[in-house]
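**Student:**
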Amino acid sequence: MQTVFEGKAWPLLRDGKLIDDIDTDMIYHNSHLAITDIKQMGQYALGNLKGYESFAKEAKPGDIVVAGQNFGSGSSRQQAIDCFKSLGIGCVLVMSIGAISKRNAINSGYPLFIVEQIDLGALKTGDTIRVDIDKLEITKAGQKVGSLAPISKVQRDILEAGNVFEYAKKL
Amino acid sequence: MPKTMIEKILQAHSKEDVNAGGIVWIDIDVRSARDFGGANVVKAFNQHYPGDKVNDVSKTVFTFDCNVPANTIAYASNQHACRKFARGQGIKVFDCDAGIGSHVAIENGLVVPGSTMVGTDSHLNILGAIGAFGQGMGDQDIAFVFRAGKTWFEIPETMKIDIKGKLPKGCTAKDLTLKVCGTLTSKGALGMAMEFYGEAIDSLDLAGRITLASMATEMGAIAPMIPPSKDILKFCGKASGKKVEGVFSDKGAKYAKEITIDISNLKPQIAKPPKPDNVVDVESLKDIKVDSVFIGSCTNGTYDDLARAAKLVKGRHVKEGILASVVPATMAGYKRLLKEGHIATFVEAGFLVSNPGCGGCASGQIGMTGKDEVQVSTSNRNFAGKQGDGFTYLASPDTAVASALLGRIATAEEVK
């Protein structure tokens, strides 16, 4: 299981602060909901989030998205997680998350983690950061810039298994 | 240990000890998918369980309510993929004519107080209106539950909300709901269950309880829980043909938070775009001109909501140049409105009346807002891009009707 994620940071910022309440329509707009092929989903990631309309074009596999409180609130659409998977985004870090999106990430085995604390002053767009889910640490050039909240056993087990379907086979 | 409503309901569906903070496996009484998400559920099911049957066909349903009838080939194909899967499995489909799945589930007694139901509708926790556990989930999650009949669940803590005072004259359940949402904000109940108490709650009818429960999602809550009244128990008993007792919290149950909201001086409320918790008094926005009005949705599309709106409309006409639409939540409600002449009232008054469904929230059933268009809607979300490209204000059917008649944001008091 991958426990260390290293990539360029995409803190989703407005007025120098992480944007709160990024709902599922901003992440993956409902006009693209008829799509069922995950490969097609990445191009619409954050397409309805002001200032980040070109995110999908600019982001590279392995990049790390950092968002504020109540990320992924709103609808139950799996696409709001799958679009990041589709783009190959390494992991998504959030200050807090809507309940359904949290389950969607966990069950599909997507590495999305809750941030306990992060030093935004030390974190600029494009900085390479390293997320270690064993140490619950976020570092930049060896310096600690933040920490993760503890990860539940279910989430670790499902990440380990790959997804909830594989996880359930082992029970 | 004394338990909250959600702990007690889930305890009755689990072999493990259920307490807030724990993660346990729970049995799911009703497993559903709607047209949004449904095709992905089918795809995931076929991918992970090729050739398998669902766990219990009698407990599994499809409810098409978002894009009804489908207005693009892609949506039509998705719905048809669900239908074909359902036919092969023997699963009941509430098709494009049926209405909003959560309302259909209550009306038909698929769920009763104390039941558990999951589906791809993020407002499925609306079932807290009858004291049942409903939960919206993504398509992978639902595909898993279709096969397993159960799922893991993190038991939330519960917040207790005491509503102090009676609902003042001129205010409706929607005004109460918006007041609670504005007070708590979008993150106020994040990750928690909510229990509602107080005289005003006790006296809410089913329609009012549905309205209140429908916006728990906009307060970040996992699930709202409204202790069922005698009337609710009676209604659900009749709908299901079962003996229904209801589940109530234990005396001494532990709450993570307790708050009191006084509504004795409440005035009609409205949420300004782009957030449902941007709530102010309707009278503070009276200068704002309106282009369109939508009455319906899982929040305010019941027979009671629309009959009340029709009574206010009767004998009057929508202001010239305003597009006003009505979408009943279910076919049963639509039929009753039709029989009692309310549909005729709306049509005579210049409202566009559509077949039952989600209406304005699901991008298409009765059109969307254009750039800069100002809409008053009785739904529950006014996020940027949700109902189109315009500005959506969330309000009660009373306020929506008054705004349609006067062409500006207005209270019902002004048209009486």
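Residue numbers (the working numbering), protein chains in the order written: chain A, -1 to 169; chain B, 360 to 775. Cβ coordinates follow ideal geometry from the N, Cα and C atoms, glycine included.
I need the DSSP call for residue 756 (chain B), collapsed to helix, strand or coil.
**Tutor:** Of the three classes helix, strand and coil, the one that applies to residue 756 (chain B) here is helix, per DSSP.
**Student:** Check whether the stretch 442 to 453 of chain B and the stretch 674 to 685 of chain B touch, using three or more Cβ-Cβ pairs below 8 Å as the test.
**Tutor:** Flag = no, the stretch 442 to 453 of chain B and the stretch 674 to 685 of chain B do not touch.
**Student:** According to DSSP, residue 145 (chain A) sits in a beta bridge with which residue or residues?
**Tutor:** Its beta-bridge partners are A:115, A:135.
**Student:** Going by other Cβ atoms of all chains shown within 10 Å of its Cβ, with 16 needed for buried, is residue 99 (chain A) buried or exposed?
**Tutor:** Residue 99 (chain A) should be labelled buried.
**Student:** Quick check on this structure: which residue in B:571, B:720, B:740, B:667 has the alpha carbon closest to the alpha carbon of residue 424 (chain B)?
**Tutor:** The residue with the shortest Cα to Cα distance from residue 424 (chain B) is B:720.
**Student:** Residues of chain A with CB closer than 8 Å to the CB of residue 407 (chain B), please, in chain order.
**Tutor:** Here the neighbours are 163.
**Student:** Any beta carbon from chain A within less than 9 Å of residue 751 (chain B)'s own beta carbon?
**Tutor:** Output row for residue 751 (chain B): interface = no.
**Student:** Among the residues of its own chain, which have a CB less than 7 Å from the CB of residue 588 (chain B), if the five just before and after it don't count?
**Tutor:** Excluding sequence neighbours, residue 588 (chain B) sits near 561.
**Student:** What first and last residue would you give for the beta strand (DSSP E) that runs through residue 619 (chain B)?
**Tutor:** Its beta strand (DSSP E) spans residues 616 to 621.
**Student:** Beta carbon of residue 445 (chain B), beta carbon of residue 437 (chain B): below 9 Å?
**Tutor:** Taking 9 Å as the Cβ cut-off, residue 445 (chain B) and residue 437 (chain B) do not qualify as a contacting pair.
**Student:** Could you tell me which of B:373, B:707, B:397 sits nearest to residue 499 (chain B), measuring between CA atoms?
**Tutor:** The shortest C-alpha separation from residue 499 (chain B) is found at B:397.
**Student:** Name, please, each residue of chain A whose Cβ falls closer than 9 Å to the Cβ of residue 549 (chain B).
**Tutor:** Residues of chain A passing the Cβ test: 67, 68, 71, 94, 95, 96, 97.
**Student:** Nearest-angstrom Cα distance between residue 724 (chain B) and residue 426 (chain B)?
**Tutor:** Residue 724 (chain B) and residue 426 (chain B): Cα-Cα distance of roughly 6 Å.
**Student:** Whose Cβ in chain A lies nearer than 7 Å to the Cβ of residue 496 (chain B)?
**Tutor:** Within 7 Å Cβ-Cβ: 74, 98, 101.
**Student:** In whole angstroms, give me the CA-to-CA distance for residue 750 (chain B) and residue 166 (chain A).
**Tutor:** Distance between the alpha carbons of residue 750 (chain B) and residue 166 (chain A) is about 44 Å.
**Student:** Which residues in the same chain have their Cβ closer than 8 Å to the Cβ of residue 538 (chain B), if we skip the five residues on either side of it in sequence?
**Tutor:** Correct list, in chain order: 620, 622, 625, 628, 638.
**Student:** With H, G and I counted as helix, E and B as strand and the rest as coil, what does DSSP make of residue 551 (chain B)?
**Tutor:** In this structure, residue 551 (chain B) counts as coil in the three-state DSSP scheme.
**Student:** Output the distance between the C-alpha atoms of residue 652 (chain B) and residue 760 (chain B), rounded to the nearest integer angstrom.
**Tutor:** Each residue's Cα considered, the two are about 8 Å apart.
**Student:** If you follow the alpha helix (DSSP H) that residue 24 (chain A) is in, where does it begin and where does it stop?
**Tutor:** Segment 22 to 25, the alpha helix (DSSP H) holding residue 24 (chain A).
**Student:** Does DSSP put residue 521 (chain B) in a helix, in a strand, or in coil?
**Tutor:** In this structure, residue 521 (chain B) counts as strand in the three-state DSSP scheme.
**Student:** What would DSSP say about residue 0 (chain A), mapped onto helix, strand or coil?
**Tutor:** Here residue 0 (chain A) sits in coil by DSSP.
**Student:** List the residues of chain B that residue 31 (chain A) touches, going by C-beta distances under 7 Å, in chain order.
**Tutor:** Going along chain B in sequence order, the residues near residue 31 (chain A) (Cβ under 7 Å) are 395.
**Student:** So, for residue 767 (chain B): in the same chain, excluding its five sequence neighbours on each side, which residues have a beta-carbon less than 8 Å away from its beta-carbon?
**Tutor:** Here the set comprises 645, 646, 647, 648, 649.
**Student:** Between the stretch 471 to 503 of chain B and chain A, which residues of the former have CB atoms less than 7 Å from a CB of the latter, in chain order?
**Tutor:** Listed in sequence order: 479, 480, 481, 495, 496, 497, 498, 499, 500, 503.
**Student:** Considering only C-alpha positions, which residue in the set A:115, A:38, A:6 is nearest to residue 67 (chain A)?
**Tutor:** Considering only alpha carbons, the answer is A:115.
**Student:** With a floor of 3 residues, list each beta strand (DSSP E) that falls wholly inside the stretch 361 to 401 of chain B, ordered by position along the chain.
**Tutor:** With a minimum length of 3 residues, the continuous beta strand (DSSP E) runs that stay inside the stretch 361 to 401 of chain B are 382 to 386, 389 to 393.
**Student:** DSSP on residue 98 (chain A), reduced to helix/strand/coil?
**Tutor:** In this structure, residue 98 (chain A) counts as helix in the three-state DSSP scheme.
**Student:** Strictly below 8 Å CB to CB, what residues from chain A border residue 631 (chain B)?
**Tutor:** Within chain A, no residue comes near residue 631 (chain B); the closest Cβ sits about 15 Å away, beyond 8 Å.
**Student:** Cα separation between residue 465 (chain B) and residue 497 (chain B)?
**Tutor:** Cα to Cα, the separation comes out at about 21 Å.
**Student:** Am I right that residue 43 (chain A) and residue 127 (chain A) are in contact with their C-beta atoms under 8 Å? What's the rounded C-beta distance?
**Tutor:** That pair is no contact at about 19 Å.
**Student:** Just to make sure I have the definition right: I need the residues of chain B whose C-beta is within less than 8 Å of the C-beta of residue 19 (chain A). Which are they?
**Tutor:** Result: 545, 546, 634.
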